[in-house]
Amino acid sequence: MWNLLQIELFKIFKKPRTYLAFAIIAAFIFLIQLGLLVNGKDWMKFMLGSLDETMNIDYSKLVNGYAVCFFVLNLLLVHVPILVALVAGDVVSGEASMGTLRLLAAKPVSRTQIILAKYLATAVYVFALLLWIAVISLVISIAVFGENDLVVAKTNGLQLIEANDVLWRYFFAFGFAFIAMMVVAAISLLLSVMSENSIGPIVATVGIIIVCTLISEMEIPIYQKYIKPYLFTTYMLGWKGFFYIGSTEDGETIKGSIQYLPGIIKSMAALMVYIVALVSAAVFIFRKKDILS
Amino acid sequence: MQRIILLLLLFQFSLFAQAQDINVLVQKVKDKINLVNDYEANGRMKTNVVFLKVPVATVKLFFKKPNRLRIKNEKGISFVPKGAVNINMSNVLSSGKYSVLDAGNDKVGSRAVKVVKLLPEDDNADVVLSTLYIDPVNQVILKTKTTTRDNGTYELEMSYGKYIAYGLPDKITFSFNTKDYKMPKGVTFDFEDGSQKKTAAEKEKLKNQKGKMEIFINGYIINKGIADGVFN
Chain X
11 MWNLLQIELF
21 KIFKKPRTYL
31 AFAIIAAFIF
41 LIQLGLLVNG
51 KDWMKFMLGS
61 LDETMNIDYS
71 KLVNGYAVCF
81 FVLNLLLVHV
91 PILVALVAGD
101 VVSGEASMGT
111 LRLLAAKPVS
121 RTQIILAKYL
131 ATAVYVFALL
141 LWIAVISLVI
151 SIAVFGENDL
161 VVAKTNGLQL
171 IEANDVLWRY
181 FFAFGFAFIA
191 MMVVAAISLL
201 LSVMSENSIG
211 PIVATVGIII
221 VCTLISEMEI
231 PIYQKYIKPY
241 LFTTYMLGWK
251 GFFYIGSTED
261 GETIKGSIQY
271 LPGIIKSMAA
281 LMVYIVALVS
291 AAVFIFRKKD
301 ILS
Chain W
3 MQRIILLLLL
13 FQFSLFAQAQ
23 DINVLVQKVK
33 DKINLVNDYE
43 ANGRMKTNVV
53 FLKVPVATVK
63 LFFKKPNRLR
73 IKNEKGISFV
83 PKGAVNINMS
93 NVLSSGKYSV
103 LDAGNDKVGS
113 RAVKVVKLLP
123 EDDNADVVLS
133 TLYIDPVNQV
143 ILKTKTTTRD
153 NGTYELEMSY
163 GKYIAYGLPD
173 KITFSFNTKD
183 YKMPKGVTFD
193 FEDGSQKKTA
203 AEKEKLKNQK
213 GKMEIFINGY
223 IINKGIADGV
233 FN
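One line per chain: the protein sequences are X and W, in this order. Taking our numbering, the leading residue of the first sequence gets 11, the next gets one more, and so forth. Taking our numbering, the leading residue of the second sequence gets 3, the next gets one more, and so forth.
Shown next, in the form of structure tokens:
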């Protein structure tokens, strides 16, 4: 299995498109950082809305490394699935289109092992991608903008997390994001198993994510009640839960707390169920598949 | 007839004497406050606003005559209400351009106080009316209510300790009007954590509530000079 994983990793990381995702992310984050360096205060004023009329706020402190990283994650984690699909959608169908899948299936390893090795190799890629995001968006942002308290805007209010209570939340948030991206990888893998070319699974995965995200965000009661609870996109924003801090009745934040941990655990569990179901389906289909290419 | 005239004269005299008394009391309070040219104070600030969740902050207060005040969070970020400049009584009394009205007696907690209304002489001033609740024994202000033209009503309660001789409080409670806070969901992309959502009636109840800021002061450094740059 280890050898198989190494081979799959070699295949993923020798393709130029794999590094395209890293380059896109670096360029995107750099543009955000540059923009916030120039117009960060204006952006913060917009985010805090009418609060500016009631309160005196030191905007120079608000635009700090933690806030920049939070902003980057808000924008980026919606789009990272596309970059995940770019690689995961190709792992099986890419070999089918190149004609190497038959050779692979002829090796003395089970088809289950092949699929699991491909999925694990995709997991390594996803992990590397998120690590890259963490390094650029968090480490570099802290180096450029400095550390300070993090202000998180919600629909009905604002919360302030002290600087020394933020970092661990990022570790868990990135951990959660990894699980969420692995669901996307599992969808792509399943579609890749069913396809003979790479474009189909990649486009289909992106399409599924767009449709599901739109339904998740639409405030239409019938969707909210009957469809939304079953969509994986509903649970993908769970990483944000680590930045919703608990508080007393007076609104005083409780350091080291999470406002609603059960909600995060539920989201994580739902995503794990999706992963198991999708990867099992991929294994099942691949085992039954007539490999003709 | 002579008796009636005498009674009227006595009544008028008592009114005049009362007005004189209240002016003297306000002047004494003002004299006490005027002992302080500047101060630096360390304290802890607790903010209670319905749409804000913030930790208790360690703050420094800087004041310089006539009316410059800054509340600064040395380490982190703090949301300081716009009207907080009024927590310094010097800002209320220093101008001297107001009429003083005696509004009788009242109680703040268990203490008997004189109620004084200050009416600004400037018709265009932002402050429309200030009501002071003065402790006549210690000659300090225990409570104020300030009605402004644009920013609603502020309330201030103060308790004194070591620095009562300067009219500087140990604890300040500042109440102010808050406006509704709302962000479009498309901007925040909230994570729905499954916690119970507030009903429309509950949301309506939260609108335009009073916010409260409490400052607990550990100690003052008085009249040692403060650089103007602190207030920038």
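We put the beta carbon where it would ideally sit given N, CA and C, even for glycine.
Check the Cβ of residue i against every Cβ in chain W and list those closer than 7 angstroms, keeping chain order.
i, result
"residue 158 of chain X", "78 and 79"
"residue 147 of chain X", "Simply none; closest approach about 17 angstroms."
"residue 293 of chain X", "Result: empty, since nearest Cβ-Cβ is about 31 angstroms, beyond 7 angstroms."
"residue 72 of chain X", "79"
Hey, would you say residue i sits closer than 8 angstroms to residue j, going by beta carbons?
i, j, result
"residue 212 of chain W", "residue 178 of chain W", "yes"
"residue 93 of chain X", "residue 22 of chain X", "no"
"residue 162 of chain W", "residue 139 of chain W", "no"
"residue 90 of chain W", "residue 120 of chain W", "no"
"residue 99 of chain W", "residue 27 of chain W", "no"
"residue 38 of chain X", "residue 86 of chain X", "yes"
"residue 255 of chain X", "residue 169 of chain X", "yes"
"residue 105 of chain W", "residue 149 of chain W", "no"
"residue 65 of chain X", "residue 84 of chain W", "yes"
"residue 164 of chain X", "residue 192 of chain W", "yes"
"residue 266 of chain X", "residue 51 of chain W", "no"
"residue 74 of chain X", "residue 172 of chain X", "no"
Here's a check: name, in chain order, each residue in its chain whose Cβ is nearer than 6 angstroms to the Cβ of residue i, leaving out the five neighbours to either side.
i, result
"residue 222 of chain W", "41, 43, 165 and 170"
"residue 176 of chain X", "76 and 160"
"residue 59 of chain W", "47, 75 and 80"
"residue 219 of chain W", "43, 45 and 172"
"residue 145 of chain W", "110, 135 and 159"
"residue 226 of chain X", "238, 241, 243 and 244"
"residue 67 of chain W", "39"
"residue 219 of chain X", "91"
"residue 45 of chain X", "none"
"residue 179 of chain X", "252 and 253"
"residue 112 of chain X", "301"
"residue 216 of chain W", "48 and 175"
Just to make sure I have the definition right: I need the residues of chain X whose C-beta is within less than 7 angstroms of the C-beta of residue i. Which are they?
i, result
"residue 50 of chain W", "260 and 261"
"residue 192 of chain W", "164 and 165"
So is residue i buried or exposed if we call it buried at 16+ other beta carbons inside 10 Å?
i, result
"residue 160 of chain W", "buried"
"residue 209 of chain X", "exposed"
"residue 104 of chain X", "buried"
"residue 145 of chain X", "exposed"
"residue 273 of chain X", "buried"
"residue 26 of chain X", "exposed"
"residue 224 of chain X", "exposed"
"residue 221 of chain X", "exposed"
"residue 98 of chain X", "buried"
"residue 17 of chain W", "Model confidence at residue 17 of chain W stands at a pLDDT of 49, short of 50, so the residue's coordinates are unreliable and nothing is read from them."
"residue 53 of chain W", "buried"
"residue 48 of chain X", "exposed"
"residue 285 of chain X", "buried"
"residue 125 of chain X", "buried"
"residue 156 of chain W", "buried"
Indicate, with yes or no, if the ligand NAP has a heavy atom lying under 7 angstroms from the CB of residue i.
i, result
"residue 287 of chain X", "Summarising the ligand content, the structure contains no ligands, and the ligand NAP is consequently not present."
For a contact defined as C-beta to C-beta under 8 angstroms, what are the partners of residue i on chain X?
i, result
"residue 116 of chain W", "The contacting residues do not exist; residue 116 of chain W stays about 32 angstroms from chain X at best."
"residue 83 of chain W", "64, 65 and 66"
"residue 122 of chain W", "By Cβ distance, chain X contributes nothing, its closest Cβ being about 23 angstroms from residue 122 of chain W, past 8 angstroms."
"residue 2 of chain W", "There is no way to answer for residue 2 of chain W, as the model of chain W reaches only from 3 to 234."
Which residues in the same chain have their Cβ closer than 7 angstroms to the Cβ of residue i, if we skip the five residues on either side of it in sequence?
i, result
"residue 25 of chain W", "102"
"residue 56 of chain W", "49 and 81"
"residue 269 of chain X", "254, 255 and 256"
"residue 232 of chain W", "64 and 72"
Excluding the five sequence neighbours on either side, which residues of its own chain have a C-beta within less than 8 angstroms of the C-beta of residue i, listed in chain order?
i, result
"residue 15 of chain W", "For residue 15 of chain W, the predicted structure reports a pLDDT of 49, less than 50, and the residue's modelled location is therefore unreliable. The matter cannot be settled from this model."
"residue 288 of chain X", "193, 196, 197, 199 and 200"
"residue 154 of chain W", "178 and 179"
"residue 258 of chain X", "264"
"residue 142 of chain X", "32, 35 and 36"
Can you pull the chain X neighbours of residue i, defined as C-beta to C-beta under 9 angstroms?
i, result
"residue 119 of chain W", "Ordered by position in chain X, no residue passes the 9 angstroms Cβ test against residue 119 of chain W, which lies about 26 angstroms from the chain."
"residue 60 of chain W", "Correct list: empty, because the minimum Cβ distance to chain X is about 11 angstroms."
"residue 145 of chain W", "Neighbours of residue 145 of chain W on chain X: none; closest Cβ ~21 angstroms, over 9 angstroms."
"residue 181 of chain W", "60, 61, 63 and 64"
Just to make sure I have the definition right: I need the residues of chain W whose C-beta is within less than 9 angstroms of the C-beta of residue i. Which are they?
i, result
"residue 169 of chain X", "54, 55 and 56"
Below 8 angstroms on C-beta distance, what does residue i contact in chain W?
i, result
"residue 255 of chain X", "55"
"residue 161 of chain X", "79"
"residue 241 of chain X", "Under the 8 angstroms cutoff, chain W gives no residues; its nearest Cβ is about 12 angstroms from residue 241 of chain X."
Pairs of beta-carbons, one from the stretch 149-158 of chain X and one from the stretch 77-85 of chain X, closer than 8 angstroms: are there three or more?
yes
Should the stretch 32-41 of chain W be regarded as contacting the stretch 222-232 of chain W, the criterion being three or more beta carbon pairs within less than 8 angstroms?
yes
The stretch 280-295 of chain X / the stretch 187-207 of chain X touching (three or more Cβ pairs under 8 angstroms):
yes
Would you check if there are 3 or more beta carbon pairs closer than 8 angstroms linking the stretch 121-135 of chain X to the stretch 182-202 of chain X?
yes
Counting Cβ pairs closer than 8 angstroms, one from the stretch 247-255 of chain X and one from the stretch 178-188 of chain X, do we hit at least three?
yes
Stretch pair the stretch 238-246 of chain X + the stretch 275-286 of chain X: three plus CB contacts closer than 8 angstroms:
yes
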